[in-house]
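A.B. asks: Take this structure, written in structure tokens, and hold onto it; I'll ask about it next.
There are 2 protein chains.
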Amino acid sequence: MNQALKILDIFIKIQEQLDVFQHKGEDLLDEISLAEVHCIDCIGMIDHPNVTKISEKMSLTRGGISKISKKLLGKGLIESYQEPDNNKEIYFRLTEGGQSVYGEHKKLHSKVRQEWLSFFAHYSDDEQAAILRFFTDINDFFVSKSTDKIEK
Amino acid sequence: MNQALKILDIFIKIQEQLDVFQHKGEDLLDEISLAEVHCIDCIGMIDHPNVTKISEKMSLTRGGISKISKKLLGKGLIESYQEPDNNKEIYFRLTEGGQSVYGEHKKLHSKVRQEWLSFFAHYSDDEQAAILRFFTDINDFFVSKSTDKIEK
DNA sequence: TTTATTTTGTTAACCCGGAAACAATAATAA
DNA sequence: TTATTATTGTTTCCGGGTTAACAAAATAAA
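Note that the protein sequences, when read in sequence, are chains A and B. Residues in the first sequence are numbered from 1 upward in steps of one, following this note's numbering. Residues in the second sequence are numbered from 1001 upward in steps of one, following this note's numbering.
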């Protein structure tokens, strides 16, 4: 079996298991779902975050974000505010509790990042270059594929 | 920015878009969901497939498979049978319609496989070796991580 | 054998998103 | 200005999955 076939087979296996990867088991904080944490992350990063901006950033529906933000409000992790000259848009900001979750998530994120970096350290420059090219190509492929869909 | 960091960043981007990849837009057959097609695939491949075996193969709950198989029965794509010496286990087999869906899915699968192969053809042997090592390592990592979880 | 335990498939209640309809507001055109 | 169009956020309904409880059957233990 040539290399290409082996890569392919493993790649498929990985895909199958990928859901295991995502973020599960992080146990960031019980009682807060993954989507909620991501939402908090967005609110912490976006300038004047509202439902629409968050939904775009998270690639979810406005309806979905509307529900999530409602929950976060209920849990006291975020609060909403409006600008005096605009009665339509509703913005969010993190409360102290939300800030804390935001910080925990960032910490965990950098920990995972560190793990990946030490993982990559075991590869030679040439190997890393090959992997890089591969991922660059894949990414381009996905981007072009997703714009295809938008054009449909 | 060194290579490792670049790979990492791209890898994360890809992850974010990965859901786009899975199987969406295949339009194998309207009126049949992705899970249903996968279920048909399992039933076509497993020896004496029952709810339990399918759920293990698909990494879904028995309850979930129970519902899906009910739908497939309703659509006439599969049928159930039992062995004379066992009144508990219920097995499935594909009907003609199910066979047809099974075949279509296989065809599409090999088409995708072909696309990936021509994709990999653009890489040198050394590059392919690096990519292969990378995926092998990742896969091992995932496997060990998931067994960790089982031990929990 | 009889009794406990395990396995199997189903169901009810629930959670999470998406799609689509909707009212309120803002932005644009006339 | 007024009228039309676009944007924003919410809500209802639905599909798809999980969890947990359950009855029926098979298996293991007594």
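Glycine is no exception: its CB is placed at the ideal position from the N, C-alpha and C atoms.
So with CB distances below 7 Å, who are the chain B contacts of Phe92/A?
C.D. replies: Counted from its first residue, the first sequence places residue 92/A at position 92. Those within 7 Å of Phe92/A in chain B number zero; the least Cβ separation is about 22 Å.
A.B. asks: Using a cut-off of 9 Å between C-beta atoms, extract the partners of Asp1041/B located in chain A.
C.D. replies: What you label residue 1041/B is simply residue 41 of the second sequence in a count that begins at 1. Within chain A, no residue comes near Asp1041/B; the closest Cβ sits about 12 Å away, beyond 9 Å.
A.B. asks: Give the interface partners of Ile1131/B over in chain A, defined as CB-CB distance under 7 Å, in chain order.
C.D. replies: Within the second sequence, the letter at position 131 stands for residue 1131/B. Result: Ile7, Ala130, Ile131 and Phe134.
A.B. asks: Got a sec? Which residues, its chain only, sit under 8 Å from Gln99/A by beta carbon, not counting five neighbours each side?
C.D. replies: Walking along the first sequence from the start, residue 99/A turns up at place 99. If we look at Gln99/A and ignore the five residues flanking it on each side, its Cβ neighbours are Gly44.
A.B. asks: Assuming Asp126/A contacts Ala1121/B (C-beta within less than 8 Å), just tell me the rounded distance between them.
C.D. replies: On the first sequence, residue 126/A is found 126 positions in, with the first residue counted as 1. On the second sequence, residue 1121/B is found 121 positions in, with the first residue counted as 1. Contact flag wrong, Cβ pair sits at about 19 Å.
A.B. asks: Whole angstroms are fine: how far does the CA of Glu1104/B sit from the CA of Val1112/B?
C.D. replies: Locating residue 1112/B in the second sequence gives position 112, where the first residue counts as 1. Locating residue 1104/B in the second sequence gives position 104, where the first residue counts as 1. If you take the alpha carbons of Val1112/B and Glu1104/B, they lie about 12 Å apart.
A.B. asks: List the residues of chain B whose Cβ lies closer than 9 Å to the Cβ of Asp126/A, in chain order.
C.D. replies: For the purposes of this step, residue 126/A is taken as the residue at position 126 of the first sequence. Correct list: Asp1126, Glu1127 and Ala1130.
A.B. asks: Under 6 Å Cβ to Cβ from Tyr1081/B, same chain only, skipping five residues before and after it: list those, please.
C.D. replies: The residue labelled residue 1081/B in the question sits at position 81 within the second sequence. These residues qualify, in order along the chain: Tyr1091.
A.B. asks: Look at the alpha carbon of Asn1139/B and the alpha carbon of Phe119/A, and state the distance between them as a whole number of angstroms.
C.D. replies: Within the second sequence, residue 1139/B is the residue found at index 139, counting from 1. Within the first sequence, residue 119/A is the residue found at index 119, counting from 1. Rounded to the nearest angstrom, the two C-alpha atoms are 13 Å apart.
A.B. asks: My guess is that Val1101/B and Ile1054/B are in contact by the Cβ rule of under 8 Å, so how many angstroms apart are they, rounded?
C.D. replies: The residue labelled residue 1101/B in the question sits at position 101 within the second sequence. The residue labelled residue 1054/B in the question sits at position 54 within the second sequence. About 15 Å separates the two Cβ atoms, so there is no contact after all.
A.B. asks: Determine the extent of the alpha helix (DSSP H) in which Tyr102/A is found, giving its start and end residues.
C.D. replies: Reading the first sequence from its first residue, position 102 is the one you call residue 102/A. First-last of the alpha helix (DSSP H) with Tyr102/A: Glu96 to Phe120.
A.B. asks: From Gln1114/B to Cys1042/B, what does the alpha carbon distance come to, in whole angstroms?
C.D. replies: As a working note, residue 1114/B is residue 114 in the second sequence. As a working note, residue 1042/B is residue 42 in the second sequence. Their Cα atoms are separated by approximately 22 Å.
A.B. asks: Of the residues Lys75/A, Thr52/A and Gly74/A, which one's Cα is nearest the Cα of Gly64/A?
C.D. replies: Here residue 64/A corresponds to residue number 64 of the first sequence, with the count starting at 1. Comparing Cα positions, the closest option is Thr52/A.
A.B. asks: Can you tell which of Arg1093/B, Leu1073/B, His1038/B and Met1058/B has the C-alpha that lies nearest to the C-alpha of Asp1047/B?
C.D. replies: Sequence index remark: in the second sequence, residue 1047/B carries index 47 (1-based). Closest option to Asp1047/B, Cα to Cα, is Arg1093/B.
A.B. asks: Would you verify that the beta carbon of Tyr1123/B is, or is not, closer than 8 Å to some beta carbon of chain A?
C.D. replies: Reading the second sequence from its first residue, position 123 is the one you call residue 1123/B. Yes, contact with chain A.
A.B. asks: Residues in its own chain within less than 7 Å of Glu1036/B by CB, not counting five upstream and five downstream?
C.D. replies: Locating residue 1036/B in the second sequence gives position 36, counting from the first residue. Ile1068, Lys1071 and Leu1072, listed in sequence order.
A.B. asks: Using a threshold of 8 Å, state whether the C-beta atoms of Asn50/A and Glu89/A are closer than that.
C.D. replies: As a working note, residue 50/A is residue 50 in the first sequence. As a working note, residue 89/A is residue 89 in the first sequence. Yes, these two residues count as a Cβ contact at 8 Å.
A.B. asks: Does the ligand GDP have even one heavy atom less than 7 Å from the beta-carbon of Trp116/A?
C.D. replies: With respect to the ligand GDP, the structure offers nothing, as it holds no ligand at all.
A.B. asks: Residues in the same chain with beta-carbon distance under 7 Å from Ile32/A, minus the five sequence neighbours each way, listed in chain order, please.
C.D. replies: Residue mapping note: residue 32/A aligns to position 32 of the first sequence, counting from 1. So the list reads Val101, once near-sequence residues are dropped.
A.B. asks: Measuring CA to CA, which of Leu108/A, Pro84/A, His109/A and Leu77/A is closest to Gly97/A?
C.D. replies: By one-based count along the first sequence, residue 97/A stands at place 97. Among Leu108/A, Pro84/A, His109/A and Leu77/A, the Cα nearest to that of Gly97/A is on Leu77/A.
A.B. asks: Skipping 5 residues on each side, what residues in its chain have a beta carbon closer than 8 Å to that of Ser66/A?
C.D. replies: Mapped onto the first sequence, residue 66/A falls at position 66. Same-chain partners within the cutoff: Val51.
A.B. asks: Assign Leu1132/B to buried or exposed, taking buried as 16 or more other Cβ atoms, counted over all protein chains shown, within 10 Å of its Cβ.
C.D. replies: For the purposes of this step, residue 1132/B is identified with residue 132 of the second sequence, where counting begins at 1. The residue is buried, with at least 16 neighbouring Cβ atoms inside 10 Å.
A.B. asks: Can you tell me where the alpha helix (DSSP H) holding Ile1043/B begins and where it ends?
C.D. replies: For the purposes of this step, residue 1043/B is taken as the residue at position 43 of the second sequence. First-last of the alpha helix (DSSP H) with Ile1043/B: Leu1034 to Met1045.
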